[in-house]
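Undergrad:
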Amino acid sequence: MRLIDLSREIRHRGPTLPNHPPVTIVPYWTHDDAREAEGVAFTIATLFMTLGDHSGTHIDAPRHFDASPDALSIDQMPLERFFTEAVCLDLSHKPLRSDIEVADLEEAEAASGVTIQPGDTVLLHMGVEARLGEGPGYLTDFPGLTKASAEWLGHKGVGIFGVEALSPGRPFKNNFEVHIACRDLGFTHIEGLVNLDKLVGQGRFRFIGFPLRIKGGTGSPIRAVAWLDG
Numbered sequence: 587m588r589l590i591d592l593s594r595e596i597r598h599r600g601p602t603l604p605n606h607p608p609v610t611i612v613p614y615w616t617h618d619d620a621r622e623a624e625g626v627a628f629t630i631a632t633l634f635m636t637l638g639d640h641s642g643t644h645i646d647a648p649r650h651f652d653a654s655p656d657a658l659s660i661d662q663m664p665l666e667r668f669f670t671e672a673v674c675l676d677l678s679h680k681p682l683r684s685d686i687e688v689a690d691l692e693e694a695e696a697a698s699g700v701t702i703q704p705g706d707t708v709l710l711h712m713g714v715e716a717r718l719g720e721g722p723g724y725l726t727d728f729p730g731l732t733k734a735s736a737e738w739l740g741h742k743g744v745g746i747f748g749v750e751a752l753s754p755g756r757p758f759k760n761n762f763e764v765h766i767a768c769r770d771l772g773f774t775h776i777e778g779l780v781n782l783d784k785l786v787g788q789g790r791f792r793f794i795g796f797p798l799r800i801k802g803g804t805g806s807p808i809r810a811v812a813w814l815d816g
């Protein structure tokens with residue numbers, strides 16, 4: 587068994603989209619503040635954190651993109667959704683600021699040697715981490731899905747797809763349409779993944795990405811992990 591961490595660090599003032607709150611992490615109690623009880627000295631350290639439910643590597647709950655009153659919040663989603671069979675498609679040849687079309691997904695699936703099955707998690711390696719890092723273009727210059735390519739995934743029956751960028755579609759229209767496709771076809775996505783290059787050519791594997799149990803949450807940070815046999 588081999589585990590590959592697919593999670594971005596959550597750190598003070600890490601990258602976030604403008605419509606999400608910034609991450610703040612500061613010391614709250616430090617080892618400089620000693621306590622004593624009956625002659626026993628003891629110190630602890632804790633952090634004070636504020637962050638949005640779409641911070642770091644995170645998953646969107648249906649409530650994020652579906653305004654209907656019965657849309658599921660993150661604490662209502664079945665745990666089985668977050669521990670699944672998975673595949674990784676290599677789209678790293680696509681230029682920055684380009685659209686991922688249906689033909690691109692079909693070619694990447696064929697090249698992977700695996701067939702997407704209903705309920706799979708499909709991770710899309712676009713080379714965002716290597717090409718953009720967390721520089722100025724990280725929030726805007728990534729390749730992204732279109733309405734049609736998102737619907738292609740939805741019609742395949744995938745439960746979740748995942749991308750390295752903080753949006754699944756390129757900014758504005760495409761991104762809105764991808765979220766709408768998730769709403770209409772009943773699936774969702776993960777944003778902010780890393781290390782997807784390590785999964786290219788690995789065939790099928792297990793994906794683990796459990797969210798926090800945030801009551802009413804529209805999403806949650808996750809610790810995303812790929813579990814490879816052998």
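Residues in the sequence shown are numbered from 587 upward in steps of one, following this note's numbering. Ideal placement from N, C-alpha and C gives every residue a C-beta, glycine not left out. Just so you know, these numbers come straight off a predicted model, no measurement behind them.
How many angstroms separate the CA atom of K680 from the CA atom of V688?
TA: Within the sequence shown, the letter at position 94 stands for residue 680. Within the sequence shown, the letter at position 102 stands for residue 688. Distance between the alpha carbons of K680 and V688 is about 13 Å.
Undergrad: What distance in whole Å lies between the Cβ atoms of E737 and V780, which are believed to be in contact at a cut-off of 8 Å?
TA: Here residue 780 refers to the residue found at position 194 of the sequence shown. Here residue 737 refers to the residue found at position 151 of the sequence shown. At roughly 27 Å, the Cβ-Cβ gap does not stay under 8 Å, so V780 and E737 are not in contact.
Undergrad: Verify whether the separation of the beta carbon atoms of L603 and L752 is less than 8 Å.
TA: By one-based count along the sequence shown, residue 603 stands at place 17. By one-based count along the sequence shown, residue 752 stands at place 166. Yes. Within cutoff.
Undergrad: Sorted by chain position, which residues of the same chain lie with C-beta nearer than 7 Å to V700's C-beta, five sequence neighbours on each side aside?
TA: Counted from its first residue, the sequence shown places residue 700 at position 114. Within the same chain, V700 has close Cβ partners V673, G789, R790.
Undergrad: For E687, report the span of its alpha helix (DSSP H) as first-last.
TA: Reading the sequence shown from its first residue, position 101 is the one you call residue 687. First-last for E687: undefined, no H or E at that position.
Undergrad: Please list, in chain order, all residues of the same chain as P729 whose beta carbon is under 6 Å from its beta carbon, the five residues on each side excluded.
TA: Reading the sequence shown from its first residue, position 143 is the one you call residue 729. These residues qualify, in order along the chain: K680, S684, I686, M712.
Undergrad: Can you tell me whether DSSP reads L771 as helix, strand or coil?
TA: Along the sequence shown, one-based indexing puts residue 771 at 185. Here L771 sits in helix by DSSP.
Undergrad: For S806, does the count of other Cβ atoms within 10 angstroms reach 16, so buried, or fall short, so exposed?
TA: For the purposes of this step, residue 806 is taken as the residue at position 220 of the sequence shown. Buried: at least 16 other Cβ atoms inside 10 Å.
Undergrad: Using three-state DSSP, classify D646 as helix, strand or coil.
TA: The residue labelled residue 646 in the question sits at position 60 within the sequence shown. The answer is strand: DSSP assigns D646 an E or B state.
Undergrad: Whose C-beta lies closer than 8 Å to the C-beta of R599 among residues of the same chain, with five residues either side of it excluded?
TA: Within the sequence shown, the letter at position 13 stands for residue 599. Cβ within range, chain order: P608, V609, T610.
Undergrad: Assess, as a yes-or-no matter, whether the segment 734 to 748 is touched by the segment 621 to 629 under the definition of 3 or more beta carbon pairs within less than 8 Å.
TA: The segment 621 to 629, when compared against the segment 734 to 748, does not touch it at the 8 Å Cβ threshold.
Undergrad: Measure the CB-CB distance between T732 and N760 and report whether it falls below 8 Å.
TA: Position 146 of the sequence shown, counting from 1, holds the residue named residue 732. Position 174 of the sequence shown, counting from 1, holds the residue named residue 760. It is a contact, given that the beta carbons lie within the stated cut-off.
Undergrad: How would you call P664, buried or exposed, if buried means at least 16 neighbouring beta carbons within 10 angstroms?
TA: Looking up residue 664 in the sequence shown gives position 78. Burial call: exposed.
Undergrad: How is D661 classed by DSSP in three states: helix, strand or coil?
TA: Taking the sequence shown and counting its residues from 1, the one referred to as residue 661 is at position 75. In the structure shown, D661 sits in a helix (DSSP, three-state: H, G or I).
Undergrad: Could you round the C-beta distance between F793 and I808 to whole angstroms and report it? I think they count as a contact, below 8 Å.
TA: The residue you call residue 793 lines up with position 207 of the sequence shown. The residue you call residue 808 lines up with position 222 of the sequence shown. Going by Cβ atoms, the distance from F793 to I808 rounds to 10 Å, so no, they are not a contact pair.
Undergrad: Less than 7 Å between C-beta atoms, sequence neighbours within five positions excluded: which residues of the same chain meet that for G803?
TA: What you label residue 803 is simply residue 217 of the sequence shown in a count that begins at 1. Closer than 7 Å at Cβ, skipping near neighbours: D639, A647, S659, I660, D661.
Undergrad: Output needed for P704: all residues of its chain with C-beta closer than 6 Å, excluding positions within five of it in sequence on either side, in chain order.
TA: Along the sequence shown, read from residue 1 onward, the residue named residue 704 stands at position 118. Only G743 meet the Cβ criterion.
Undergrad: Do you know offhand how far G777's Cα is from D706's?
TA: For the purposes of this step, residue 777 is taken as the residue at position 191 of the sequence shown. For the purposes of this step, residue 706 is taken as the residue at position 120 of the sequence shown. Looking at the sequence provided, one finds Glu at residue 777 rather than Gly. Straight-line Cα distance between these residues: approximately 16 Å.
Undergrad: In whole angstroms, what is the alpha-carbon distance linking G723 and F634?
TA: Position 137 of the sequence shown, counted from the start, is the residue given in the question as residue 723. Position 48 of the sequence shown, counted from the start, is the residue given in the question as residue 634. When rounded, the distance between both Cα atoms is 29 Å.
Undergrad: Do V811 and D591 have their C-beta atoms within less than 8 Å of each other?
TA: Here residue 811 refers to the residue found at position 225 when the sequence shown is read from its first residue. Here residue 591 refers to the residue found at position 5 when the sequence shown is read from its first residue. Yes.
Undergrad: Taking Cβ positions, are R756 and F651 nearer each other than 8 Å?
TA: Against the sequence shown, residue 756 aligns to sequence position 170. Against the sequence shown, residue 651 aligns to sequence position 65. No, Cβ-Cβ distance for R756 and F651 is not below 8 Å.
Undergrad: Classify L589 as buried or exposed, calling it buried when 16 or more other Cβ atoms lie within 10 Å of its own Cβ.
TA: Along the sequence shown, one-based indexing puts residue 589 at 3. L589 comes out exposed.
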